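Asker:
2 protein chains.
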Amino acid sequence: MKPERKKRGGKYDSSAALLQGVCVRPTRQRLALAAWLFDGSDKHVTAEESSAAMRRRRAGVSLATIYNTLNAFTESGLLRQIAIDGAQIYFDTNTNDHYHFFDEKTGHLTDIPASSIRFAQLPKIPDGKALLRVDVVLRVQRAR
Amino acid sequence: MKPERKKRGGKYDSSAALLQGVCVRPTRQRLALAAWLFDGSDKHVTAEESSAAMRRRRAGVSLATIYNTLNAFTESGLLRQIAIDGAQIYFDTNTNDHYHFFDEKTGHLTDIPASSIRFAQLPKIPDGKALLRVDVVLRVQRAR
DNA sequence: GTGATTGCAAATCTTTTGCACTAAA
DNA sequence: TTTAGTGCAAAAGATTTGCAATCAC
Chain A
1340 MKPERKKRGG KYDSSAALLQ GVCVRPTRQR LALAAWLFDG SDKHVTAEES
1390 SAAMRRRRAG VSLATIYNTL NAFTESGLLR QIAIDGAQIY FDTNTNDHYH
1440 FFDEKTGHLT DIPASSIRFA QLPKIPDGKA LLRVDVVLRV QRAR
Chain B
1340 MKPERKKRGG KYDSSAALLQ GVCVRPTRQR LALAAWLFDG SDKHVTAEES
1390 SAAMRRRRAG VSLATIYNTL NAFTESGLLR QIAIDGAQIY FDTNTNDHYH
1440 FFDEKTGHLT DIPASSIRFA QLPKIPDGKA LLRVDVVLRV QRAR
């Protein structure tokens, strides 16, 4: 691994607190990824996009570690996975209750706040089963 | 390809009509797959499951052809793709408006008729976009 | 015949893993 | 120290593709 001077202060402090809050050891790589992921704007990212972002920042994080870290963050509840088209896994930095627009042409995901969709009726959950989550994806396309 | 006696009559007749109806050339392999897929019961299948079903029937359909055929059927509107967990693509033989239960533990998909979910409110579609489809997945788990 | 389809194997793409090395506690 | 985390390269899965042989029309 490339030696990298240790950053102190600024965004890294809050990232460190975030990770320690969920018992994830705050390594340099995880802090770099967390600082980018949790910068305040909600993101929908793939492993490859995360890797590109780290490369841009010359953060020195290998692709294997990107995957390990995204999975570790997901297990800790910091991220949520979204499967849209089977091509690749998206990770959502917004773990609150909400839904998504998906543009079929651009492959772009956008949040829909939970308050924007209300159900008048939901089906009975089969016996012996419990409802975990309701996923809603509104597939859209550029209007012609 | 293994020589196989050509079947006539029964399920194959309706499959042939089905394929010809959407301008898909009814080859032996496509007929075998269609006869299984469209036997009347709604199915959610993966490529691997389809391959296993063809093997069971000694239908002699290679995995490459399974993929080609499932994709061809999807393009013709005979099947619909569903992405649930990023692991693999599911193909749904029910192309009508409907939704799904997904059991996180078993990986099993079940249909929810369109009439069982009603929306009291949907978000405004962004300018310049048109709504193509609303996907709803109710994620469930064995209740403890 | 002629162009579409098939099968095989190789290629591609995303994601995971084994293992020696390094860093956090 | 001791254990968890990292990087690399190899492995694993799912899916696609190039191409010669074969089939549908």
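Chains A and B, in that order, give the protein sequences.
The first sequence finishes on residue 1483 if you use this note's numbering, and the numbering steps up by one all the way, no holes.
The second sequence finishes on residue 1483 if you use this note's numbering, and the numbering steps up by one all the way, no holes.
Even glycine gets a Cβ: it sits at the ideal position worked out from N, Cα and C.
Since this is a predicted model, take the numbers as computed values, not measurements.
1) Beta-carbon within less than 6 Å of D1431 of chain A's beta-carbon, same chain only, minus the 5 sequence neighbours each way: which residues are those?
2) Find the nearest neighbour of K1444 of chain A within the set A:R1483, A:M1393, A:A1411, A:R1369, judged by alpha-carbon distance.
3) Flag this pair as touching only if the region 1363-1381 of chain A and the region 1403-1420 of chain A have three or more C-beta atom pairs under 8 Å; answer yes or no.
4) Residues in the region 1458-1477 of chain A with C-beta within 9 Å of chain B's C-beta atoms, listed in sequence order?
5) So with CB distances below 7 Å, who are the chain B contacts of E1443 of chain A?
6) Using 8 Å as the cut-off, classify the Cβ of R1394 of chain B as near or not near the heavy atoms of the ligand SAM, replying yes or no.
7) Have a look at the DSSP bridge pairing and note the partners of P1452 of chain A.
8) So I1451 of chain A contacts chain B; which residues on that side make the cut at Cβ distance below 8 Å?
9) So within the region 1394-1443 of chain B, which uninterrupted beta strand (DSSP E) runs reach at least 3 residues, ignoring any that extend past its ends?
10) To which residues of the same chain is R1472 of chain A closer than 8 Å at the C-beta, ignoring the five residues directly before and after it?
11) Can you name the residues of chain B whose CB is closer than 9 Å to the CB of A1482 of chain A?
12) For W1375 of chain A, I'd like the list of residues in its chain whose CB is within less than 6 Å of its CB, leaving aside the five on either flank, ordered along the chain.
13) Between which two residues does the alpha helix (DSSP H) carrying R1369 of chain B extend?
14) What three-state label does DSSP hand L1471 of chain B in the structure shown?
15) From G1425 of chain B to Y1429 of chain A, what distance separates their C-alpha atoms?
16) Whole angstroms are fine: how far does the CA of S1390 of chain A sit from the CA of L1357 of chain A?
17) Can you tell me whether A1459 of chain B is helix, strand or coil according to DSSP?
18) Of all Cβ atoms in chain B, is any one closer than 9 Å to the Cβ of A1422 of chain A?
19) Scan the region 1423-1440 of chain B for residues whose Cβ lies nearer than 9 Å to a Cβ of chain A and list them as they occur along the chain.
20) In or out: T1408 of chain A buried (at least 16 other Cβ within 10 Å) or exposed?
21) Please report the distance separating the alpha-carbon of A1459 of chain B from that of A1453 of chain A.
22) How about I1423 of chain B and F1441 of chain B: are their beta carbons less than 9 Å apart?
23) Apply the 10 Å Cβ neighbour rule to Q1368 of chain A and answer buried if 16 or more other Cβ atoms are within range, or exposed otherwise.
24) How would you list, in chain order, the residues of chain B whose beta-carbon sits under 8 Å from the beta-carbon of V1479 of chain A?
25) State yes or no: is the beta carbon of S1455 of chain B nearer than 9 Å to at least one beta carbon in chain A?
Answerer: Quick look at the numbers:
1) In the same chain as D1431 of chain A, and ignoring 5 residues on each side of it, the C-beta atoms closer than 6 Å to its own belong to H1383, R1419, I1421, in chain order.
2) Looking at the Cα atoms, A:R1483 is the closest of the given residues.
3) Between the region 1363-1381 of chain A and the region 1403-1420 of chain A there are three or more inter-stretch CB-CB distances shorter than 8 Å, so the stretches are counted as touching.
4) Interface annotation for the region 1458-1477 of chain A against chain B: F1458, A1459, Q1460, L1461, P1462, K1463, I1464, P1465, D1466, G1467, K1468, A1469, L1470, L1471, R1472, V1473, D1474, V1475, V1476, L1477, criterion Cβ-Cβ distance under 9 Å.
5) Near E1443 of chain A (Cβ distances below 7 Å), the residues of chain B are L1471.
6) As far as ligands go, the structure on display features none, and thus does not contain the ligand SAM.
7) P1452 of chain A is bridged to A:H1437.
8) Ordered by position in chain B, the residues that pass the 8 Å Cβ test against I1451 of chain A are P1462.
9) DSSP assignment within the region 1394-1443 of chain B yields the following whole beta strand (DSSP E) runs of 3 residues or more, N-terminal first: 1419-1422, 1428-1431, 1437-1442.
10) The beta carbon of R1472 of chain A sits closer than 8 Å to none of the beta carbons in its chain outside the five residues before and after it.
11) Those are I1464, D1466, G1467, K1468, A1469, listed as they occur along chain B.
12) If we look at W1375 of chain A and ignore the five residues flanking it on each side, its Cβ neighbours are A1392.
13) Here the alpha helix (DSSP H) through R1369 of chain B covers 1367-1376.
14) Strand.
15) Straight across, the Cα-Cα distance linking G1425 of chain B with Y1429 of chain A is about 9 Å.
16) Cα to Cα, the separation comes out at about 21 Å.
17) Per DSSP, reduced to three states, the secondary structure at A1459 of chain B is strand.
18) By this cut-off, A1422 of chain A is an interface position.
19) For the region 1423-1440 of chain B, which is checked against every Cβ of chain A, the residues closer than 9 Å are I1423, D1424, G1425, A1426, Q1427, I1428, Y1429, Y1438, F1440.
20) Looking at its Cβ environment, which holds 16 or more other Cβ atoms inside 10 Å, T1408 of chain A is buried.
21) So the two alpha carbons sit approximately 13 Å from each other.
22) Yes, the pair counts as a contact, with Cβ atoms nearer than the cut-off.
23) With 16 or more other Cβ atoms within 10 Å, it is buried.
24) Correct list: I1464, P1465, K1468, A1469, L1470, L1471.
25) Output row for S1455 of chain B: interface = yes.
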